[in-house]
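S.K.: Numbering (our numbering), first residue to last: 4 to 325. C-beta atoms are modelled at their ideal positions from N, C-alpha and C, and glycine is treated no differently.
1) If you draw a straight line from the alpha carbon of residue 169 to that of residue 137, how long is it in whole angstroms?
2) Going by DSSP in three states, residue 186 sits in which element: helix, strand or coil?
3) Any idea which residues DSSP pairs residue 166 with across the strands?
4) In chain order, what residues of the same chain lie with their CB nearer than 8 Å to the CB of residue 4, ignoring the 5 residues before and after it?
5) Quick check on this structure: which residue in 206, 207, 236 has the alpha carbon closest to the alpha carbon of residue 217?
6) Short of 8 Å in beta carbon distance, which residues of its chain neighbour residue 315, apart from the five on each side in sequence? Order them along the chain.
7) Span of the beta strand (DSSP E) holding residue 77?
8) According to the Cβ coordinates, are residue 289 and residue 245 closer than 8 Å?
9) State the beta-bridge partners of residue 235 as determined by DSSP.
10) Using the rule of at least 16 other Cβ atoms within 10 Å of the residue's Cβ for burial, across every protein chain shown, is residue 21 buried or exposed?
11) Three or more C-beta pairs under 8 Å: does that hold for the stretch 170 to 189 against the stretch 120 to 134?
12) Three-state secondary structure (DSSP) at residue 291?
13) Decide yes or no for the touch test of the stretch 26 to 44 against the stretch 75 to 84: beta carbon pairs closer than 8 Å, at least 3 of them.
14) Excluding the five sequence neighbours on either side, which residues of its own chain have a C-beta within less than 7 Å of the C-beta of residue 256, listed in chain order?
15) In whole angstroms, give me the CA-to-CA distance for residue 46 and residue 15.
16) Let me know if residue 205 comes out buried or exposed under the rule of 16 or more other beta-carbons within 10 Å of its beta-carbon.
17) Closest to residue 151 by C-alpha separation, out of 200, 295, 299, would be which residue?
18) Determine the DSSP secondary structure at residue 301, reduced to helix, strand or coil.
19) Have a look at 86, 56, 185, 198 and flag the residue whose alpha-carbon is nearest the alpha-carbon of residue 311.
20) Do residue 131 and residue 155 count as a contact pair if the criterion is CB distance below 8 Å?
21) Report the three-state DSSP secondary structure of residue 309 (helix, strand or coil).
22) Expressed to the nearest angstrom, what Euclidean distance is found between the alpha-carbon atoms of residue 262 and residue 224?
23) Spatial neighbours of residue 165 within its chain, please: C-beta separation below 7 Å, excluding the five flanking residues on both sides.
24) Tell me which residue opens and which closes the beta strand (DSSP E) that residue 246 is part of.
25) Give me the Cα-Cα distance between residue 187 and residue 13, rounded to the nearest whole angstrom.
26) So, using beta-carbon positions, are residue 167 and residue 148 closer together than 8 Å?
27) Give the secondary structure of residue 252 by DSSP, where H, G and I count as helix, E and B as strand, and everything else as coil.
28) Return the residue from the list 282, 291, 309 that minimises the CA-CA distance to residue 62.
29) For residue 2, which beta-bridge partners are listed by DSSP?
30) Going by DSSP, what residues sit across from residue 12 in a beta bridge?
31) Please classify residue 29: does DSSP put it in a helix, a strand, or coil?
32) In whole angstroms, what is the alpha-carbon distance linking residue 82 and residue 185?
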């Protein structure tokens with residue numbers, strides 16, 4: 004793969020273990036902070052933060068998922084069909100729902116009566132089914148990670164199991180893509196029903212990074228041309244794969260450990276990358292628009308329910324940057 008010449012520009016700094024960026028209403032890009040890395044920084048583990056494309060470098064802390072003395076370890080964000088924000092939280096071993104009033108509830112936390120390991124990433128399809136990875140505690144020696152789907156009616160389906168840290172997850176054209184970090188590969192499945200997918204096969208294998216203590220695919224996103232952008236943790240790059248699973252080029256992120264990616268900004272043509280080791284989110288102009296996620300607030304007309312949680316309240320619902 005060749006490397007893109009364009010260097011990323013800083014967008015948000017001093018983010019403790021940043022992960023899970025997502026485009027919100029009003030030009031806001033949200034992210035989570037999984038762990039407290041530096042006590043001198045204003046962000047803390049458990050935070051959900053927001054930075055506006057009109058004011059790079061100015062980040063607001065919206066809320067923290069810690070509750071009743073239990074630390075949250077949020078990993079990813081997605082907006083659902085009801086306008087709420089859904090948060091995978093490995094500390095609570097659950098997907099949390101954050102409503103427009105800021106109230107939090109446990110939305111998915113068990114399968115067949117047993118608690119989840121700790122969800123990591125999630126994505127909604129157009130019908131409102133949610134697909135998510137559940138890796139916490141899994142390893143090559145202890146491959147207990149799984150992938151689940153939750154139908155709109157609330158029923159959970161176990162799509163896959165015995166995985167070594169299933170991580171990023173993405174949807175396109177009736178297919179589900181799952182990154183398995185510790186085996187350095189991305190799998191693809193066919194969506195076969197509400198919250199259900201089957202027929203796993205290999206989409207791509209990421210190259211090893213011998214000098215990295217841990218490496219492998221993390222968060223992912225599609226652009227509108229069908230290219231899959233994979234945050235390759237440990238490599239210092241976002242790797243780009245075409246629809247056939249062939250690597251085409253790489254995007255430098257300014258640090259060694261990119262964790263996730265999303266599109267946002269004007270025309271959804273800016274790629275945002277969270278980088279764990281530098282505590283930053285960086286931005287890169289993309290040649291084609293990114294694929295808009297289902298229920299993305301930038302695709303709605305009129306005020307979005309979650310705008311009231313963001314700085315500026317209802318004024319944030321005016322989507323000047325979409």
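M.R.: For this structure:
1) 7 Å
2) helix
3) 148
4) 242, 243, 250, 251, 252, 253
5) 236
6) 29
7) 77 to 82
8) no
9) 220, 240
10) buried
11) yes
12) coil
13) yes
14) 11, 239, 240, 241, 276, 278, 285
15) 11 Å
16) exposed
17) 200
18) helix
19) 86
20) yes
21) helix
22) 12 Å
23) 146
24) Counting along the chain, residue 246 falls outside any beta strand (DSSP E), and DSSP gives it neither H nor E.
25) 28 Å
26) yes
27) strand
28) 282
29) With the chain covering 4 to 325 only, the question about residue 2 has no answer from this structure.
30) 286
31) helix
32) 28 Å
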